[in-house]
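Below: one structure, written as structure tokens.
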Amino acid sequence: MNLTQKTYFFLFLLTSTWASAQYTEVINSNRPGASSSAYAVGKNVLQLETGFFTEKQEHTGLLTESTLYGGDFALRWGILFEQLELVWEGTYLSEEITYKHTFPEINASRSNFTKNTLGLKYLLFDPKGSAESRKPNLYSWKANNRFQWNNLIPAVSLYAGAHFTLENNPFYPNDPVVSPKAGIATQSHLTPNWVLVTNISYDKITSDDPILSYIITTTFALPNPKWSIFGEHQGIKSDAYADIIFRGGAAHLFSKNFQVDASIGASVKDTPSRLFGGVGLSYRLDFHKDELKQFNDGTNSNAPNKRKQKKK
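For what it's worth, our numbering labels the leading residue of the sequence shown as 274, then goes sequentially.
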């Protein structure tokens, strides 16, 4: 195998965004973006994705300034079969607010979970469902890197779960304790190192302020396949808050089970304006075992016995 062939093989194994419904040799993390892959982590794989962030907000209408610190996590567990994933996601936020419309200014603070969801994600359709179709061409640079129209056909998964609001939550004092959440995720591998992911979700469906959002994420693996960069666009719409958000960042794969990342982002509105950044990591416990498949070479294994019986 020459150097070019080795490069493509390494790219195939180590790029975290090149996932499939089948188990992958390296960690498949949703971080550092906010979108969710259409693919599951794999049966009997337990994966933690977590990070810390800080954010600055200014609201020109309410004349407030806020400094926020927080942490987020996603615990993903591949259960029953390769296409199914149990997901617990949460965000804990601490906010320091300054009200500038009074004299003297008033300072206040609040903290609690702004996100606490539990749900299931199931892969409905994988255009590259066979192992053979996912293999790179080790003999042709052009075949691996050219754009093909059939690469636009995405993998599709559905999400169903619920958002849980803890008692006396200062961020959502009127929300019900439990409210359904539903979503759809698609993922297209445009080239071996370029992936497009889209999400549409409807959160807190039974609350007074349901949230409709979409996310479009594109990820690109660099020539060193342990490094990848991403860009992301998110739209959020609810009665209380609507915005357009842009994010960007990078991830580095230290080992097949460990990844670190960093990202920044900003909003386009000034009610409030948002500027934020964070760092995080992803780690998996890999208990996956390949299932042995019986090989049928087209012959009848009982034939020799039958011949012996006839001979008698």
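Every residue, glycine too, gets a C-beta built ideally from N, C-alpha and C.
Taking all protein chains shown into account, decide if residue i is buried (16 or more other Cβ within 10 angstroms of its Cβ) or exposed.
i: residue 367; result: exposed
i: residue 234; result: The question about residue 234 has no answer here: the residues shown for the chain are numbered 274 through 585.
i: residue 379; result: exposed
i: residue 527; result: exposed
i: residue 492; result: buried
i: residue 354; result: exposed
i: residue 328; result: buried
i: residue 562; result: exposed
i: residue 497; result: exposed
i: residue 245; result: Residue 245 is absent from the structure shown; the chain starts at 274 and stops at 585.
If residue i sits next to residue j, beta carbons under 8 Å apart, how far is it from one beta carbon to the other, in whole angstroms?
i: residue 322; j: residue 302; result: 5 Å
i: residue 486; j: residue 507; result: 7 Å
i: residue 362; j: residue 388; result: 6 Å
i: residue 424; j: residue 463; result: 5 Å
i: residue 539; j: residue 519; result: 6 Å
Go to residue i, then tell me how far its beta strand (DSSP E) extends in each direction, as first and last residue.
i: residue 478; result: Note, residue 478: premise wrong, no beta strand (DSSP E); not H, not E.
i: residue 368; result: 357-372
i: residue 298; result: That residue, residue 298, is in no beta strand (DSSP E); it is neither H nor E in DSSP.
i: residue 501; result: 500-510
i: residue 388; result: 379-398
i: residue 556; result: 546-559
i: residue 421; result: Taken as a continuous stretch (DSSP letters only), residue 421 belongs to no beta strand (DSSP E), as it is neither H nor E.
i: residue 453; result: 451-464
i: residue 533; result: 531-540
i: residue 487; result: 484-494
Residues in the same chain with beta-carbon distance under 7 Å from residue i, minus the five sequence neighbours each way, listed in chain order, please.
i: residue 452; result: 435, 436, 477, 478, 479 and 480
i: residue 396; result: 294, 311, 312, 313, 356, 428 and 430
i: residue 515; result: 509
Who are the Cβ neighbours of residue i in its own chain at under 6 Å, not counting the five residues just before and after it?
i: residue 455; result: 433 and 475
i: residue 352; result: 359
i: residue 381; result: 370
Please work out which residues of its chain come closer than 8 Å, Cβ to Cβ, to residue i, disregarding the five sequence neighbours upstream and downstream, and give them in chain order.
i: residue 365; result: 343, 344, 345, 384, 385, 386 and 387
i: residue 442; result: 385, 386 and 448
Is it true that the segment 447-467 meets the segment 366-376, where meeting means three or more beta-carbon pairs spaced less than 8 Å apart?
-> no
Hey, is the segment 554-564 in contact with the segment 515-533, meaning 3+ C-beta pairs nearer than 8 Å?
-> yes
Does the segment 498-515 touch the segment 340-350, meaning 3 or more C-beta pairs lie closer than 8 Å?
-> no
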